[in-house]
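Residue numbers (my numbering): -19 to 284.
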């Protein structure tokens, strides 16, 4: 009788195991997946991307090498018959470019503003330098005036020049200024001229600001950059969550009201989401860096 009873128990257990075999197999897969995913996350922590370091830097050049100053030998305290005009300096600048087979520069409002700021500052602070006493250069003035540039440069002239043609002749006679005027990379120009007292003499100051705008180079996708930064934060938050879930699973019991089996299932789902997002971020970084590389090559070409 006892033997028959034992046989019945064995048969019952076998039938029960058969009935729940799918659940057991599913639980096995979840547990197996947990250990595999846990290992993957550990490895991912070792080689985790720091997207801020992976993103390439955007380059610009804020000054033109070799920019020189021209000081006229003609100084006078009298009101001589001399006159400089914005239109005239602009006209003769482009005449000199055309005579050398170059395209004309376009008059740019922002560069006109930056050139005017430079002229006013030199009169106000009584200096004749490319960098002001407070350390402000042409690059700073361009940015403050709203001109987004790849390359920017400056020509200065002081003296009682006879006319606009005369000041251009003086600049063209100076290798550094001539190089600025005939630079094939520049597309825009801003001009300022004015007469005033400088060290006790009544003289003219003339300023040219040259620029190659950012729009001349391949566009960098700032929307993509913002998306990468946002997704990096999400990945960091997901990593924190996965580590918390991992601690709960390793307790082997109910954690925050969730059974161990359900914890493993949720963990595996989150791991898959994490890996999918990580792959997307890697691809986005590659795409962004290709565009930055193209932009930087454009800058390098313009500044060499």
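From the three backbone atoms N, C-alpha and C, an ideal C-beta is built for every residue, glycine too. Please read these numbers as outputs of a predicted model, since none were measured by experiment.
Task: C-beta atoms of residue 165 and residue 136 nearer than 7 Å - done: Against the chain shown, residue 165 aligns to sequence position 185. Against the chain shown, residue 136 aligns to sequence position 156. No, Cβ-Cβ distance for residue 165 and residue 136 is not below 7 Å.
Task: Sub-7 Å separation of residue 208 and residue 272 beta-carbons - done: On the chain shown, position 228 is the one that residue 208 refers to. On the chain shown, position 292 is the one that residue 272 refers to. At a Cβ-Cβ threshold of 7 Å, residue 208 and residue 272 do not count as neighbours.
Open item on the list: Just to check my reading of the structure: residue 62 and residue 184 have Cβ atoms closer than 8 Å, yes? What is that Cβ distance to the nearest angstrom?
Closed with: Along the chain shown, one-based indexing puts residue 62 at 82. Along the chain shown, one-based indexing puts residue 184 at 204. The Cβ separation is near 7 Å, so the contact holds.
Task: Candidates 108, 124, 110, of which the one nearest residue 94 by Cα - done: To locate residue 94, count along the chain shown from 1; it is residue 114. Out of 108, 124, 110, 124 has the C-alpha closest to the C-alpha of residue 94.
Open item on the list: Any contact between the stretch 111 to 129 and the stretch 146 to 163? By contact I mean 3 or more CB pairs, one from each, below 8 Å.
Closed with: Because the criterion of three Cβ pairs below 8 Å is not met, the stretch 111 to 129 and the stretch 146 to 163 do not touch.
Open item on the list: DSSP three-state label for residue 188, please.
Closed with: Against the chain shown, residue 188 aligns to sequence position 208. Strand, per DSSP.
TODO: Could you check if residue 232 is buried or exposed, using at least 16 other CB atoms within 10 Å of its CB as the buried criterion?
DONE: The count along the chain shown starts at 1 and reaches residue 232 at position 252. Exposed is the call here.
Open item on the list: Does the CB of residue 167 have a neighbour CB from chain D at under 7 Å?
Closed with: Judged by its chain identifiers, the structure shown contains no chain D, having just a single protein chain.
Task: Residue burial classification, residue 77 (beta-carbon count within 10 angstroms, cutoff 16) - done: Counting from one through the chain shown, the residue named residue 77 turns up at place 97. Counting Cβ neighbours within 10 Å, residue 77 comes out buried, since at least 16 surround it.
TODO: List the residues that DSSP assigns as beta-bridge partners of residue 127.
DONE: For this step, residue 127 is matched to residue 147 along the chain shown. In the DSSP output, where bridge partners are listed per residue, residue 127 has none listed.
TODO: Assuming residue 132 contacts residue 70 (C-beta within less than 8 Å), just tell me the rounded distance between them.
DONE: Position 152 of the chain shown, counted from the start, is the residue given in the question as residue 132. Position 90 of the chain shown, counted from the start, is the residue given in the question as residue 70. With a Cβ gap of about 17 Å, residue 132 and residue 70 do not count as contacting.
TODO: Please look up how many angstroms separate the CB atoms of residue 370 and residue 186, rounded, as I've assumed it's under 8 Å.
DONE: Given a span of -19 to 284 for the chain in the structure shown, any question on residue 370 remains unanswerable.
Open item on the list: With a threshold of 8 Å on Cβ separation, who are the neighbours of residue 253 within its own chain once the five nearest residues in sequence on each side are excluded?
Closed with: Within the chain shown, the letter at position 273 stands for residue 253. 218.
TODO: Return the first residue and the last residue of the alpha helix (DSSP H) that residue 68 is part of.
DONE: Here residue 68 refers to the residue found at position 88 when the chain shown is read from its first residue. Residue 68 -> alpha helix (DSSP H) spans 66 to 79.
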